[in-house]
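Chains as they are written, first to last, in full-length UniProt numbering: chain R, 1 to 402; chain Y, 1 to 402; chain A, 1 to 402; chain U, 1 to 402. See structure below.
4 protein chains.
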Amino acid sequence: MSTYGTLFRVTTYGESHCASVGAIIDGCPPGLELRDTDIQTQLSRRRPGQSNLTTPRNEKDLVHIQSGVEHGVTLGTPIGLLVKNEDHRPHDYSETDFYPRPSHADYTYLQKYGIKASSGGGRSSARETIGRVAAGAIAERYLKQAFGIEIVAFVSSVGKIQIPQTTTADDDSDDAPDPVSPEFLKLISTVTREDVDKHTTRCPHLETAERMVQRIIRAKDAQDSIGGTVTCVIRNVPGGLGEPTFDKFEAKLGHAMLSIPATKAFEIGSGFRGTEVPGSKHNDPFVVREDGTLGTKTNWSGGVQGGITNSEDIYFRIAFKSPATISQPQSTAQYDGEPGTLAARGRHDPCVVPRAVPIVEAMAAIVVMDQLLIQNARKTAASLLPPITTLPPTMVLPPATQ
Amino acid sequence: MSTYGTLFRVTTYGESHCASVGAIIDGCPPGLELRDTDIQTQLSRRRPGQSNLTTPRNEKDLVHIQSGVEHGVTLGTPIGLLVKNEDHRPHDYSETDFYPRPSHADYTYLQKYGIKASSGGGRSSARETIGRVAAGAIAERYLKQAFGIEIVAFVSSVGKIQIPQTTTADDDSDDAPDPVSPEFLKLISTVTREDVDKHTTRCPHLETAERMVQRIIRAKDAQDSIGGTVTCVIRNVPGGLGEPTFDKFEAKLGHAMLSIPATKAFEIGSGFRGTEVPGSKHNDPFVVREDGTLGTKTNWSGGVQGGITNSEDIYFRIAFKSPATISQPQSTAQYDGEPGTLAARGRHDPCVVPRAVPIVEAMAAIVVMDQLLIQNARKTAASLLPPITTLPPTMVLPPATQ
Amino acid sequence: MSTYGTLFRVTTYGESHCASVGAIIDGCPPGLELRDTDIQTQLSRRRPGQSNLTTPRNEKDLVHIQSGVEHGVTLGTPIGLLVKNEDHRPHDYSETDFYPRPSHADYTYLQKYGIKASSGGGRSSARETIGRVAAGAIAERYLKQAFGIEIVAFVSSVGKIQIPQTTTADDDSDDAPDPVSPEFLKLISTVTREDVDKHTTRCPHLETAERMVQRIIRAKDAQDSIGGTVTCVIRNVPGGLGEPTFDKFEAKLGHAMLSIPATKAFEIGSGFRGTEVPGSKHNDPFVVREDGTLGTKTNWSGGVQGGITNSEDIYFRIAFKSPATISQPQSTAQYDGEPGTLAARGRHDPCVVPRAVPIVEAMAAIVVMDQLLIQNARKTAASLLPPITTLPPTMVLPPATQ
Amino acid sequence: MSTYGTLFRVTTYGESHCASVGAIIDGCPPGLELRDTDIQTQLSRRRPGQSNLTTPRNEKDLVHIQSGVEHGVTLGTPIGLLVKNEDHRPHDYSETDFYPRPSHADYTYLQKYGIKASSGGGRSSARETIGRVAAGAIAERYLKQAFGIEIVAFVSSVGKIQIPQTTTADDDSDDAPDPVSPEFLKLISTVTREDVDKHTTRCPHLETAERMVQRIIRAKDAQDSIGGTVTCVIRNVPGGLGEPTFDKFEAKLGHAMLSIPATKAFEIGSGFRGTEVPGSKHNDPFVVREDGTLGTKTNWSGGVQGGITNSEDIYFRIAFKSPATISQPQSTAQYDGEPGTLAARGRHDPCVVPRAVPIVEAMAAIVVMDQLLIQNARKTAASLLPPITTLPPTMVLPPATQ
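The structure is reproduced here in structure tokens:
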């Protein structure tokens, strides 16, 4: 449904062509400084019309806080957010209305509801993500201030053009090499949002970024589209987040990412490549950090072990399929089964991954925020109990590393 | 936490070395014939000791229904299930107890709880999956009887050995070829559980299966381990399952799969490869089926569009990392930071993917079951309203295809 | 938190003095005719300024549907609702701001959040109920159209003035008489919303209503306030709603009612009086109805047995305490502990129960709606299974009464 | 359904005549000392056969911890609990099986599920409460150790025999006197579980207790039954628990209490009587406590204001109807509509309120536990933010009273 989260809870509403889109964010900690502009930054990174690589529709997407904030400070009560839909343009789509658009949600919404919005994507439109990005901006703000958490996503591939990630693409041995190259790991550990925004593609590897531009222009010229992947890193997350069994951290994260429109795949840490590396090489050995706590020498786990964060960098990658909306004619069938040719009009993104970057960051922030609040609850509860002195030493942390 | 689902709700308990593991399944439809043996079949496919490729521990894992069933028929009330832990063997692990096992959950559980089970994996042990498999067997039984739904998972790769899935592995053009080969799509549409169980690897492509055996034996001989992928197909699922926004079908499915121990990645339909194919080729055009309803000519979407099932085959792939438990010595640190060498004893699976197959099927069944019940609710509710006659024709399905 | 419901889910936002209050209603069945005016009717019954018995603040409380509806028909997607706050009047309260108002939420909000809204009740204000009433109006509309369900609440007492409910108020025997008088039961089974609105007190027993007016005027003249009770009946609810154990129908209903501001008690059917009547008299014997199904001769159960509806009238009563806001001076302490005298200014309701009537109806509608959707899910699921023929005859309904 | 709670989550299973009843308690803080015997105490207070006032069935109800505890300390993982059903006695009920028992759940379960257990109450049996009592015992243990919270319930009335609660039962003025007498308030603030268990009725007012015994014996001799009320107090609960809007503390508490079998009403603080007292008298003025924090002079609010606890005693009362199972013949109808006479056999409680006492305490503990964990989450989160210095002084607590 349209609600995500247990203690930090985001509920959104809105279709492509209704009066407004918005969200209610419930469970934001009280005492956080927050103004419209703090949310607007990420919304503006998401909105269309930012470069010649994206759709020229110029939606302003200005957010207005309705509740939950006074004198620029959160009250702990639900934060209502509203963004007006200015650019309705329902006629832009009217000729094609007797065709379910291939690989869109037109037909499945009819299967589900027996009714669908009269034009555009309705609830399946990417405008739905405005509420997520706004909610994520609030979560991110808290995480930064309270824990110094940094969340940075970037475009790691467009079509077959990708930032070099592996030491050798293919080798002849039975075993794969390291799942991720040292250069890529270094990029993950240092990349900033400023680095990402230096290029319109939001790819911080400039040489690759230029090749991506060419690929996107080729798609645009062909009235076609092309997909890509977004990689995201979350730094400074404390250990202990995530729940055993069904609500493992990566399960919650995967859920959140795969709920973003047009996603088809998710991998964390070594991902699919991790299946090819033997355990002896894939395991992350423990080492002592400067502060006396344990860290891991490598981080193929991607910051999560047994479903619970271990305070190493959390990194993951999401696949966005090539956009379903293309301008070239497509042979397909109408709702009544009549075969024909569908020619979309209007202006469309040939490649959405640059605009997906803030959406990925938002969902990451929401997941971390909710898990942090839940772990806060347990940790505080446990700390109020009298200490247990009767347990075998291997059942508790040695004092040195606590 | 340890509960999954909204209307079909599974709650599990149990660690590796406690009295029993079990589950409560709440929301099973009343009137379903069900006996211990109906659940046991999948539990026996999951249990250790099935072949020389898996651990020789011989756990019987006999399930006993505690409640919710009378005269072999479900009552609609919660079904309690219990499997005794017979093979405790806590001493098998005792020497290593001062080391957090690399890439295990020992250390993260301590970070989370400040305490961990005295031996073995505790709650993070794969024994936790017994409850899931039992719950999934019940869901599957309902889905088969009420909808003819078929769920079949199989091992699609071990290390770098995989069933051929793509037409050409790599080509020089800027565009990728079809994301999945016709042969693999045919396998997906026809494979049965009997086909899968013909080989101890649970790989139905026999030539590949034999190569997998060699790869596993090589890992075993090297006191090492190797990962792999499981592919799963769900056939005959009605259209309309899944919810827009946060609870898209693939998001729920990905969540469920990434909650299985040792998983690192999930992809549905064309997955990561789908990002490399232009929209014109990746879109699934509509065609009329024999029964007058709309289907799609290709199925790169993997049976889900806009987060909602479209009644085509649902297929997806999950990555299982190489098992963290290996017998060869590992350089790592103790809990107190002291560096040293950890040598695991005991008998361990060099490769877990064959045993993961029934777990994947179980989680798939649980997800479909819960979504079906939710969609039942909406569909029935809508059907009780008077028909609307005032809407534009493009907002509702034409009578011919309903 | 600010979300209620499992499948019909209502999330609200808004404080007394923010930009707007509103709600998101998720899970409304598609295909329901719905316009702003359908919601406005109940909002207008809730709003202040309806008579000289309530506060003269004249808030217009006009609702605007933001999403989820097109061409006057629901799409199945979330319905966003917005009501602007027009009458901010923050200065009305400013002098008293250093006192936590006795029996208000000022102090407990500070204990909870460490921060509170600068003026008025903030989130604890009765303006919060606007979202509930709007959501309830939608639920009610569906229930009426699909099931003919009728929900009518009315004022049953103000202070000690109450509609006669029992045969004899007190008798000398050890046993109580019938918990509710035949006259009151008849009122419950026939009262309409039109009957209720005939009098400004919303008490349909006109003789009592007049006495209530005098009691309210006496409170008003004394710069004081007085409480009361609201009785509500829900007719034509199908049997089978509610869930065993924790989510019994009366538990969900009680939860919903006790979440309304100023409520202190809830009773269903015979309520507290039912504890005084022996089982032989309190039990509701079964009789055959004209349609062949079973009904009960009496209905002390209030339409719910074992936590599940039995298709008889559901009736219940809620206590609203005397409003905490009074104009007469009160001896109390400031936040810093300094004792003093608080004199509230502004205009306040001496008695809120007439305005509480639509709020009670709204929450009743929301509870029934959610439970109906959940039961729809189970019932449809069970109906798709092959019939069971092997059970003892006492485990299933005889064909005659199905 | 059969799960209660957000962070402290209780899921139960079991019918009257199945293999076992049990529960999974998820979210118990790690590091709590816990053994079977800590849970058994409350289970033994609940079990039948404790005195000649209750049923002579002698069920042992021994609980066995299955998981989540090692070396007598909780691990933070789910705690599985199991109690075998020893006294099946299905034949005890067989003759009556063609009659739905009046005011039992036989008929409503059939309406809901289309199938019911073959004998006894099935899931609606009071044996279901074993899981609650066990879970509550764990919650209570934590609350006692970490916060010094005390929960004491007692029988406050049987039929019309009640502990004197009000100063004057009825007076002639338009206003009611104080809702609760000083003597009763003193009892509430001091009563211990030992006081309660001194008398078989679990009524700590001995004079009243003796009269209750006579009333129960009269019901027993008449092959009849009689109801009663249980009053419960929770002391030392910190302020700030409960959530605005839908999850107010009293709403959660009422939900929990009304989910106990046979309950018909709930009131907190002044309850129904509070509606008759003018606001000027009903308001609880603030006073400074010895520790400098604010308390209230009176406590008609029952420890909750605006839905949030204020650290005063929380007291409430629950109505239990007269048990539906009686031995005297009843004129009623069979499932097929045939009228006849039902004569129950077997041994039944003429009055269940003494045994209800530990169930009420258990549900109270579960509610407080869950709300405490949730508030822990928020409070810890807020404490990690930098202090806000720009707010008006009336929006935050003065330093003196923090």
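No residue lacks a Cβ here, since even glycine has one placed at the ideal position from N, Cα and C.
One or two residues paired with residue i in a DSSP bridge
| i | result |
| --- | --- |
| Arg-273 (chain R) | Answer is none; Arg-273 (chain R) lacks a bridge partner. |
| Val-213 (chain Y) | According to DSSP, which records beta bridges pairwise, Val-213 (chain Y) is partnered with nothing at all. |
| Thr-11 (chain R) | R:Thr-3, R:Ile-24 |
| Thr-394 (chain Y) | In DSSP, Thr-394 (chain Y) forms no bridge with anything. |
| Lys-84 (chain Y) | Y:Ser-20 |
Cut-off 7 Å between Cβ atoms - residues of its own chain near residue i, not counting five sequence neighbours on either side
| i | result |
| --- | --- |
| Val-83 (chain A) | Ser-20, Val-21, Gly-22, Asp-61, Leu-62, Val-63, Ile-130 |
| Ser-189 (chain R) | Asp-313 |
| Gly-72 (chain R) | Glu-33, Leu-34, Arg-35 |
| Gln-371 (chain A) | Leu-241, Gly-242, Phe-249, Lys-252 |
Contacts of residue i in chain A (Cβ-Cβ under 8 Å)
| i | result |
| --- | --- |
| Ala-381 (chain Y) | Pro-29, Tyr-142, Ala-146, Leu-372, Leu-373, Asn-376 |
Own chain, CB closer than 6 Å to residue i, minus 5 neighbours either side, in chain order
| i | result |
| --- | --- |
| His-91 (chain A) | The pLDDT assigned to His-91 (chain A) is 47, lower than 50, so where the model puts this residue is not dependable; a value taken from the coordinates is nonetheless given after this. None. |
| Ser-327 (chain A) | Gln-223, Ala-344 |
Neighbouring residues, chain U, relative to residue i (Cβ below 8 Å)
| i | result |
| --- | --- |
| Leu-75 (chain Y) | Glu-15, Tyr-113, Ile-115, Lys-116, Ala-117, Gly-122, Arg-123 |
| Leu-294 (chain A) | Pro-100, Tyr-107, Ala-333, Tyr-335, Gly-337 |
| Thr-390 (chain R) | His-71, Gly-72, Val-73 |
Where the beta strand (DSSP E) through residue i begins and ends
| i | result |
| --- | --- |
| Thr-263 (chain A) | 263-268 |
| Gln-375 (chain Y) | From DSSP, Gln-375 (chain Y) is part of no beta strand (DSSP E) but of the alpha helix (DSSP H) over 353-383. |
| Ala-146 (chain R) | That residue, Ala-146 (chain R), is in no beta strand (DSSP E); its alpha helix (DSSP H) goes 129-147. |
| His-71 (chain A) | Per DSSP, His-71 (chain A) belongs to no beta strand (DSSP E) and is neither H nor E. |
Interface residues of chain Y facing residue i [CB-CB closer than 8 Å]
| i | result |
| --- | --- |
| Lys-264 (chain R) | Glu-250, Glu-267, Ile-268, Gly-269, Ser-270, Gly-271, Phe-272, Gly-274, Thr-275, Gly-302 |
Amino acids of chain U, ordered along the chain, whose beta-carbon sits closer than 7 Å to that of residue i
| i | result |
| --- | --- |
| residue 412 (chain R) | Because chain R here runs from 1 to 402, residue 412 (chain R) falls outside it and cannot be looked at. |
| Glu-70 (chain Y) | Ala-117, Ser-118 |
| residue 405 (chain A) | Outside the displayed range of chain A (1 to 402) lies residue 405 (chain A), so it cannot be described from this structure. |
Cβ-based neighbour list, residue i, same chain, cut-off 8 Å, excluding 5 preceding and 5 following
| i | result |
| --- | --- |
| Val-357 (chain Y) | Arg-45, Ala-153, Phe-154, Val-155, Val-196, Arg-202, Val-230 |
Chain Y contact residues for residue i, given Cβ-Cβ distances below 7 Å
| i | result |
| --- | --- |
| Pro-278 (chain R) | Ala-219, Asp-224, Ser-225, Ile-226, Ser-322 |
| Thr-6 (chain A) | Thr-6 |
Range of the contiguous alpha helix (DSSP H) that encloses residue i
| i | result |
| --- | --- |
| Glu-338 (chain R) | Unbroken run through Glu-338 (chain R): none, as it is neither H nor E. |
| Thr-190 (chain U) | 182-190 |
| Val-196 (chain A) | 193-197 |
Contact with chain D by residue i, beta-carbon distance below 8 Å
| i | result |
| --- | --- |
| His-64 (chain U) | No chain D appears in this structure, whose protein chains are R, Y, A and U. |
Partner residues on chain R for residue i, Cβ-Cβ distance less than 9 Å
| i | result |
| --- | --- |
| Pro-398 (chain U) | None at all; the shortest Cβ gap to chain R is about 16 Å. |
| Gly-22 (chain A) | Gly-22, Ile-24, Gln-66, Ser-67, Gly-80, Leu-82 |
Partners in chain R for residue i, counting only beta-carbon separations shorter than 8 Å
| i | result |
| --- | --- |
| Thr-3 (chain A) | Thr-3, Arg-9, Thr-11, Asp-26 |
Interface partners of residue i on chain Y, CB under 9 Å
| i | result |
| --- | --- |
| Ala-19 (chain U) | His-64, Ile-65, Gln-66, Ser-67, Gly-80, Leu-82 |
Per-residue contacts from residue i into chain A (C-beta, under 7 Å)
| i | result |
| --- | --- |
| Val-288 (chain U) | Ala-333, Gly-337 |
Interface partners of residue i on chain U, CB under 9 Å
| i | result |
| --- | --- |
| Pro-386 (chain R) | Gly-31, Glu-33, Gln-145, Ala-146 |
Practice task
Decide yes or no for the touch test of the segment 125-140 of chain A against the segment 27-41 of chain A: beta carbon pairs closer than 8 Å, at least 3 of them.
Solution key: yes
Exercise for the section: Give a yes or no on contact between the segment 254-270 of chain A and the segment 262-269 of chain U, applying the rule of three or more CB pairs nearer than 8 Å. Expected result: yes
Exercise for the section: Flag this pair as touching only if the segment 198-214 of chain Y and the segment 324-342 of chain Y have three or more C-beta atom pairs under 8 Å; answer yes or no. Expected result: no
Problem - At least three beta-carbon pairs within less than 8 Å, the segment 302-309 of chain R to the segment 104-112 of chain Y - result: yes
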